[in-house]
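Protein chains in written order, with full-length UniProt numbering: chain A, 1 to 202; chain B, 1 to 202.
Even glycine gets a Cβ: it sits at the ideal position worked out from N, Cα and C.
Since the model is a prediction, treat every value here as computed from it, not as a measurement.
Only one structure is covered here, and it is reproduced in the block below.
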DNA sequence: TTGTCAACTGACCGAATGTTCGGTAAACAA
DNA sequence: TTGTTTACCGAACATTCGGTCAGTTGACAA
């Protein structure tokens, strides 16, 4: 009755969502601290002050973007497939999902991986990220205890190097030209779990 | 005869080198754009203007730091061991040397890996870095052609994931508590070349 | 004792920063 | 027609920025 058309064809213009999307893009190009509100305004095609009509300020943009990445990570570890079954299977699943999430939310995860703790917002994000890292580290330790991955390298080190590879995706992946998330995950798992070297005995 | 003591016990105080070292440390903590000259001055225990007695300005500090990392990389690829012998051997050597350089010049390389191209200085550094990356990529391709590393993953992808692991060292390595460069390189090569998974047939 | 000089300080500059505010044109509702 | 809302502009705000410069300090040489 009221609200005749629930979402009437809203006239051209921005909204909090489109501002966030553009902002994250610019943040990733120039870095958060290297981006001025003037830069954002230019990218949006409006003046600086128009931005404040849609969002409360620069730091809120960062905060919302980081949450979008972190929420994805924590939804992942909350899944049953991350906590039941053989540790090696869970680890593979988590790595695969991480690659998928990285690509699904590329700009948001990219931003997260570059945070250094310059503000309360950044420190809070860093702490949530460390919690995720601890989860992965436990998984790797379990897989080593299980005997399914090599035990001659410290599990903490394995975790870091493995996710060093995974996270590097944000540094070079181009959605337009790159492989699909699944293809990328396949290649990454083949490499990290199977190893680069061809068996001379084969 | 002249200059009675070539380097007399110079009185307390800073010099271009110590300013650079401190600056790079702060740049890595807060990010280059997130660091003000006031921040630097505080870290050095002097006023802002004292910094300009030793170095020409903020961007020169960045430039000198990046050169220190890039010069190391190019000295490495200029070595004979990077260009003669089996490709797989050269690749292993370059990876090992990269780990060593990363740790030897940790703060400088860390800074280099975070550059995004916001200024002429940064763009020039990015271009030199890309040249290094191309060298590595060629090496990996040769090793694949040789048949010494797996051919079922694109060489460009292998390069990126491999050096994703290597470069991640800057994100977590702590000189005081961490392993030596050689131990780290051993573990990394074991993992990346040998693979994580334990052979079920073994 | 005087002079030199490296190493700094403190006051300052113009430009850029993130943010606020008063106003306004266009679309829509009554 | 009138009033309201949406989405914006332009000017201004206080603050911070990188950088300059005239002067001061203290160690040392002559």
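Should residue i be labelled buried (16 or more other beta-carbon atoms within 10 Å of its own) or exposed?
| i | result |
| --- | --- |
| residue 20(B) | buried |
| residue 70(A) | buried |
| residue 168(B) | buried |
| residue 18(A) | exposed |
| residue 52(B) | exposed |
| residue 127(A) | exposed |
| residue 47(A) | exposed |
| residue 145(A) | exposed |
| residue 84(B) | exposed |
| residue 4(B) | In this prediction, residue 4(B) scores a pLDDT of 35, lower than 50, which makes its location untrustworthy; the coordinate-derived value is nonetheless stated afterwards. Burial call: exposed. |
| residue 92(A) | buried |
| residue 94(A) | buried |
| residue 10(B) | In this prediction, residue 10(B) has a pLDDT of 40, which is less than 50 and means its spatial position is unreliable; what the coordinates show is noted afterwards. When all chains shown are included, residue 10(B) counts as exposed. |
| residue 201(A) | In this prediction, residue 201(A) has a pLDDT of 49, which is less than 50 and means its spatial position is unreliable; what the coordinates show is noted afterwards. Looking at its Cβ environment, which holds fewer than 16 other Cβ atoms inside 10 Å, residue 201(A) is exposed. |
| residue 125(A) | buried |
| residue 177(A) | exposed |
| residue 148(B) | buried |
| residue 90(B) | buried |
| residue 56(B) | exposed |
| residue 8(A) | With a pLDDT of 35 at residue 8(A), under the threshold of 50, the modelled position of this residue cannot be trusted; read the value that follows with caution. Classification for residue 8(A): exposed. |
| residue 165(A) | buried |
| residue 6(A) | Low local confidence applies: a pLDDT of 34 at residue 6(A) is under 50, so the model's placement there is unreliable, with the coordinate-based value given in what follows. Flag for residue 6(A) reads exposed. |
| residue 73(A) | buried |
| residue 49(B) | exposed |
| residue 174(A) | exposed |
| residue 2(B) | Note that residue 2(B) has pLDDT 36, beneath the 50 cutoff, so the model's placement of it is unreliable and no number is given. |
| residue 23(B) | buried |
| residue 98(B) | buried |
| residue 31(A) | buried |
| residue 123(B) | exposed |
| residue 78(A) | exposed |
| residue 65(B) | buried |
| residue 34(A) | buried |
| residue 195(B) | buried |
| residue 160(A) | buried |
| residue 86(A) | exposed |
| residue 138(A) | exposed |
| residue 81(A) | exposed |
| residue 134(B) | exposed |
| residue 105(B) | buried |
| residue 130(A) | exposed |
| residue 42(B) | exposed |
Which residue marks the beginning of the alpha helix (DSSP H) containing residue i, and which one marks its end?
| i | result |
| --- | --- |
| residue 97(B) | 87-104 |
| residue 78(B) | 58-78 |
| residue 51(B) | 48-54 |
| residue 168(B) | 155-172 |
| residue 149(B) | Neither: residue 149(B) is in no alpha helix (DSSP H) and is coded neither H nor E. |
| residue 194(B) | 181-194 |
| residue 118(B) | Premise fails: residue 118(B) is in no alpha helix (DSSP H) and is neither H nor E. |
| residue 43(A) | 37-44 |
| residue 198(B) | First-last for residue 198(B): undefined, no H or E at that position. |
| residue 30(B) | 16-30 |
Which residues of chain B have a Cβ atom closer than 8 Å to the Cβ of residue i, listed in chain order?
| i | result |
| --- | --- |
| residue 168(A) | 160, 161, 163, 164, 165, 167, 168 |
Give the residues of chain A in contact with residue i, contact being defined as C-beta atoms less than 7 Å apart.
| i | result |
| --- | --- |
| residue 147(B) | 198 |
| residue 204(B) | Missing from the structure shown is residue 204(B); chain B here goes from 1 to 202 and no further. |
Could you tell me which chain B residues have their CB closer than 7 Å to the CB of residue i, listed as they occur along the chain?
| i | result |
| --- | --- |
| residue 204(A) | There is no way to answer for residue 204(A), as the model of chain A reaches only from 1 to 202. |
| residue 150(A) | 196, 198 |
| residue 157(A) | 187 |
Shorter than 7 Å, the distance from the beta carbon of residue i to the closest heavy atom of the ligand SAM, or not?
| i | result |
| --- | --- |
| residue 114(B) | Within the structure as shown, the ligand SAM is missing, as the structure has no ligands at all. |
| task | Please name the residues in the stretch 182-202 of chain A whose beta-carbon is closer than 7 Å to at least one beta-carbon of chain B, in chain order. | result | 187, 188, 190, 191, 192, 193, 194, 195, 196, 197, 198
| Positions along the UniProt domain "HTH tetR-type" (13-73) of chain A whose CB lies within less than 9 Å of some CB in chain B | 28, 29, 30, 31, 32, 33, 34, 35
| task | With 9 Å as the C-beta to C-beta threshold (strictly closer), list the residues of the stretch 107-136 of chain A near chain B in chain order. | result | 113, 114, 116, 117, 118
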